[in-house]
Amino acid sequence: MQYKAPRGTQDILPGDSERWQWLERTFREACSVYGYQEIRTPAFESTELFYRGLGEQTEVVTKQMYTFEDQGGRSLTLKPEGTAPAIRAYLEHSLGGQGRVTRLYYITPIFRYERPQAGRYRQAHQTGVELIGSAAPEADVEVMDLTLRWYRTLGIEQLSLKVNSLGMAECRERYRAALLEFARPILSDMKEGERARYERNPLRLLDTKDPNLQQRLLDSPTLEPFLEEDSREHFDRLRALLDALGIRYEVDPRLVRGLDYYTRTVFEVQSDALGAQNSLCGGGRYDNLIEEMGGPPTPATGVAMGMERALLAAAAAGSLPPAEATADVFVVILTPGEAGERLLSELRSAGIRVQSDPDRRSAKSQFRQADKSGAPFAVTLGEDEIARETARVKRMESGEETEVPIAALSAWLLERLQKG
3 MQYKAPRGTQ
13 DILPGDSERW
23 QWLERTFREA
33 CSVYGYQEIR
43 TPAFESTELF
53 YRGLGEQTEV
63 VTKQMYTFED
73 QGGRSLTLKP
83 EGTAPAIRAY
93 LEHSLGGQGR
103 VTRLYYITPI
113 FRYERPQAGR
123 YRQAHQTGVE
133 LIGSAAPEAD
143 VEVMDLTLRW
153 YRTLGIEQLS
163 LKVNSLGMAE
173 CRERYRAALL
183 EFARPILSDM
193 KEGERARYER
203 NPLRLLDTKD
213 PNLQQRLLDS
223 PTLEPFLEED
233 SREHFDRLRA
243 LLDALGIRYE
253 VDPRLVRGLD
263 YYTRTVFEVQ
273 SDALGAQNSL
283 CGGGRYDNLI
293 EEMGGPPTPA
303 TGVAMGMERA
313 LLAAAAAGSL
323 PPAEATADVF
333 VVILTPGEAG
343 ERLLSELRSA
353 GIRVQSDPDR
363 RSAKSQFRQA
373 DKSGAPFAVT
383 LGEDEIARET
393 ARVKRMESGE
403 ETEVPIAALS
413 AWLLERLQKG
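The numbering used here runs 2 ahead of the 1-based position in the sequence shown.
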């Protein structure tokens, strides 16, 4: 039987893995500029954490989580997102403090049972940042600015930023009632999934992908008239800051997020390069989550970014880095003694990336491997070279050959590798 990767997962193979490293490296660099520190949390958490943190009636919790019982009878869940685990760790290890703002970032696999499609997998990968301890709209703008800066570092320029305010719980309850009343006459026309949204969280109706329902909801009430004064002032200040920074955005009154913990600011970054499924990432403010998870009242804001989506957008923009050679030098060893191993060790100790054929096959076979490696130099070491204490260096592109003393070989190669 030939085994295959489970549906909704993928193997990241050599050649592709370098591009993932590029994503991770540029993301870490972006976070460093803003003063964020990395946090790593377990692949699975207590199921209760997600029930409490994400909301029992959210689609993620009711339909998408991978939950199991371990040998001790504990209910555990492979993490479907990064924020709740990060906040659990923040509280467990007392990372906050009086008047202190904590900046965290993560790079993690996440697990959701959903229909696989382009850029969406059942095991996916997510980057994210959490800014904890500030209620100011400046914190929201910092997170948005970091997000957009990272995408532009990846060469993704066709970006649109959508923003909205969901207010606080009290005004959302009033809006919820108005939305239920508006949608009640069309309830019988809704599909089963949309009726479930109507019952559980009617705000998610605004996020429907059903074109008929979208049309019916065009005249539905918006949330803005229901916002309390503090939320309205917060949203006004947010927009003023975005304007001051020259960050283009669009207020989308239909923008909601799929998790219950969001308050006030929500946002989404989209890319036209991705076609109909154009969402790159989403985030927003969650001022009540830490208190709901047993901590003191603590405002916070953040964003989660799908890495698969970022790769797709970078590919569409033509900005993926070219595949790099896996070696600087391929050493062709034509002698059975230990001199070849000593040379390999010396070159590697100098920081030179070296490959060789451990089976020491024929010269023709080894040079064929040198070609495939992409190394710019091939170094030949045979009995004649050992007798003269030299090595023969071939520039693979031009075919030019030079004899170099073994004692000077590392320095000779490094000088030319640095020149390119």
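Backbone N, C-alpha and C fix where the C-beta goes; we use that ideal spot for every residue, glycine too.
Between Tyr-200 and Leu-208, the C-beta gap is not smaller than 9 Å, which leaves the two residues out of contact. Along the length of the region 90-167, whole beta strand (DSSP E) runs at least 3 residues long occupy 104-113, 125-134 and 161-167, reported in chain order. Shown here, Glu-194 sits in a helix according to DSSP, grouped into three states. Pairing Glu-40 with Arg-90 gives a Cβ-Cβ distance that is not under 9 Å. Using a Cβ-Cβ distance cut-off of 8 Å, the region 127-144 and the region 99-108 are in contact, since at least three pairs of beta carbons, one from each stretch, lie closer than that value. When DSSP states are grouped into helix, strand and coil, Leu-383 belongs to the strand group. Contact check for Asp-212 against Glu-196 passes: the beta carbons are separated by less than 9 Å.
The Cβ atoms of Gly-286 and Val-271 lie no closer than 9 Å to each other. Burial check for Gly-99: the Cβ neighbour count within 10 Å stays below 16, so the residue is exposed. In the DSSP annotation of this structure, Ser-273 is not part of any alpha helix (DSSP H); the continuous beta strand (DSSP E) holding it starts and ends at 265-273. C-alpha of Asn-214 to C-alpha of Gln-66: approximately 25 Å in a straight line. Buried is the label assigned to Arg-54, since at least 16 other Cβ atoms lie within 10 Å of its Cβ.
Taking the Cβ atoms as the reference, Leu-163 lies roughly 33 Å from Gly-296, outside the contact range of under 8 Å. Within the DSSP bridge table, the entry for Thr-300 names no partner. Going by DSSP, Pro-213 is part of the alpha helix (DSSP H) stretching over 213-218. Following the DSSP letters along the chain, one finds Lys-396 in no alpha helix (DSSP H) but inside the beta strand (DSSP E) bounded by residues 392-397.
In the three-state reduction of the DSSP assignment, Gln-12 falls in the coil class, being assigned neither a helical nor a strand state. Going by DSSP, Tyr-68 is part of the beta strand (DSSP E) stretching over 68-71.
When C-beta atoms of the region 294-309 are compared with those of the region 338-355, fewer than three pairs fall below 8 Å, so the two segments do not count as touching. Within the model, the alpha-carbon separation for Leu-291 versus Ala-316 is close to 33 Å. In the assembly as shown, Met-3 is an exposed residue. Its beta-carbon has fewer than 16 other beta-carbons within 10 Å.
Taking the Cα positions, Phe-228 is about 6 Å away from Tyr-177. Taking the Cα positions, Ala-275 is about 9 Å away from Leu-161.
Between the C-alpha atoms of Arg-21 and Gly-353 there is a straight-line separation of about 22 Å. Looking at Asp-13, Phe-52, Glu-58 and Glu-387, the one whose alpha-carbon comes closest to that of Leu-80 is Phe-52. According to the DSSP assignment, Phe-29 belongs to no beta strand (DSSP E) but to the alpha helix (DSSP H) extending over 19-35. Ranked by Cα distance from Glu-144, the options Arg-344, Gly-422, Pro-16 and Phe-269 are led by Phe-269. A direct Cα-to-Cα measurement between Arg-397 and Ser-412 gives close to 15 Å. Taking C-beta separations shorter than 7 Å and ignoring five residues to either side along the sequence, the partners of Trp-152 in its chain run Thr-28, Phe-29 and Ala-32, following chain order. Within the model, the alpha-carbon separation for Ala-86 versus Thr-49 is close to 11 Å.
Note on geometry: alpha-carbon atoms of Ser-364 and Gly-384 lie some 12 Å from one another.
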